[in-house]
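Single-structure report; data block below.
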Amino acid sequence: MKSFYLTDCGKVRSHNEDSVIIVKNVENDYLMAVADGMGGHSAGEVASSITISYLSNHFKDTFLHMKKNDAISWLKDAVNEINSLIFRYEKDHPESTGMGTTLVTAIVTKDYILIGNIGDSSGFVMKDDILHKVTYDHTLVNLLVTAGELTEEEAVNHPKKNVLMKALGANDPIDIDIFDCDLEITDILLCSDGLTNMIDSSKIEKVLLEDSLLEDKVVKLINKANNRGGTDNISIAYLKLKEGEKND
Numbered sequence: 010m011k012s013f014y015l016t017d018c019g020k021v022r023s024h025n026e027d028s029v030i031i032v033k034n035v036e037n038d039y040l041m042a043v044a045d046g047m048g049g050h051s052a053g054e055v056a057s058s059i060t061i062s063y064l065s066n067h068f069k070d071t072f073l074h075m076k077k078n079d080a081i082s083w084l085k086d087a088v089n090e091i092n093s094l095i096f097r098y099e100k101d102h103p104e105s106t107g108m109g110t111t112l113v114t115a116i117v118t119k120d121y122i123l124i125g126n127i128g129d130s131s132g133f134v135m136k137d138d139i140l141h142k143v144t145y146d147h148t149l150v151n152l153l154v155t156a157g158e159l160t161e162e163e164a165v166n167h168p169k170k171n172v173l174m175k176a177l178g179a180n181d182p183i184d185i186d187i188f189d190c191d192l193e194i195t196d197i198l199l200c201s202d203g204l205t206n207m208i209d210s211s212k213i214e215k216v217l218l219e220d221s222l223l224e225d226k227v228v229k230l231i232n233k234a235n236n237r238g239g240t241d242n243i244s245i246a247y248l249k250l251k252e253g254e255k256n257d
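Heads up: the sequence shown is residues 10 to 257, going by the numbering used here.
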């Protein structure tokens with residue numbers, strides 16, 4: 010496997026509230042995660058940092074010999090603990106009231122692949138050279154589309170497209186959507202909406218299929234998002250699972 014992750018402030022925001030990580034444990038299992046923070050007084054990066062730091066350390070320390078059902082429980086418990094940590098931080102730092110973060114994460118083992126999300130950061134997988142979005146955005150607009158009150162075309166430029174219905178630090182209790190992925194996938198890409206709001210999935214797919222280094226693909230995607238305005242922080246975690254495939 011090969012992996013690379015990168016975060017960029019974008020062209021408009023004065024600071025970066027995203028956090029991103031890819032870590033491997035002693036059993037060669039991988040955890041990937043992107044968190045897109047929000048909140049006043051620079052508290053967004055605190056929420057995303059709490060999330061990524063806890064997941065990273067907890068994974069390396071405790072994720073061992075886990076079957077799929079145990080891994081699902083592990084992820085749900087981790088999310089609940091992170092939520093509590095964010096609320097505790099808010100209580101101790103009143104100036105940070107209102108902070109929160111999205112989360113998209115993947116756990117990759119030789120026996121199973123899980124992707125989970127809260128909010129509107131996205132998880133994609135590649136299979137047979139076709140990119141598929143796995144996650145469901147927890148946004149007001151997506152809810153309206155599902156209910157048939159908006160078309161997908163109307164949703165693209167809707168003024169409330171970024172209103173979240175679910176986020177860490179905003180909902181208590183919190184629940185994470187978890188998806189069981191096909192073991193035949195060749196790539197996993199997690200990203201904040203700073204990428205997907207600027208570039209559609211067909212253009213992301215085109216870049217990932219290029220015959221170039223994995224690192225160069227991530228940089229190219231971020232550059233494309235910035236060239237289209239870079240209106241938000243942009244974060245990507247990218248893992249190529251299959252050795253011997255092109256680009257490896």
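Beta carbons are placed, not taken as given, at the ideal position from N, Cα and C, and that holds for glycine. Owing to the predicted nature of the structure, the values given are computational and were not obtained by experimental measurement.
Three or more pairs of CB atoms, one per stretch, sit closer than 8 Å, so the segment 186-202 contacts the segment 106-117.
Nearest in C-alpha terms to ILE197, of all of SER65, LEU40 and SER23, is LEU40. Under the 10 Å beta carbon count, ILE91 is surrounded by 16 or more other beta carbons and is classified as buried. With 16 or more other CB atoms across the displayed protein chains lying within 10 angstroms of its CB, ALA176 is buried. By the CB criterion at 9 Å, SER57 and GLU36 fall outside the cutoff.
When DSSP states are grouped into helix, strand and coil, ASN171 belongs to the coil group. With contacts defined by Cβ atoms closer than 9 Å, GLY203 and GLY19 form a contacting pair.
Looking at the backbone, the Cα of GLY53 and that of GLU99 are separated by about 11 Å.
From the listed residues SER12, HIS102, ASP146 and MET75, the smallest Cα separation to LEU123 is found for MET75. For ILE59, the secondary structure class from DSSP, reduced to helix, strand or coil, is helix. Here ASP220 is exposed. Its C-beta has fewer than 16 other C-beta atoms within 10 Å.
Between ASN206 and ASN171, the gap from beta carbon to beta carbon is short of 9 Å.
Rounded to whole angstroms, HIS67 and LEU73 show a C-alpha spacing of 11 Å. Separation of LYS85 and ASN151 (C-alpha to C-alpha, rounded to the nearest whole angstrom) is 23 Å.
Setting aside the 5 residues that flank it on each side, SER28 is surrounded in the same chain by ALA44, SER57, SER58 and ILE61, each with a C-beta closer than 6 Å to its C-beta; the list follows chain order.
Of all alpha-carbon atoms in VAL134, ASP181 and ALA164, the one lying nearest the alpha-carbon of LEU218 is that of VAL134. In the structure shown, ILE187 adopts extended strand secondary structure according to DSSP, grouped into three states. Spatial neighbours of LEU159 in its own chain (CB-CB distance under 6 Å, excluding positions within 5 residues in sequence) are listed in chain order as LEU153. If you check the CB distance, ILE95 and GLY157 do not come in under 9 Å.
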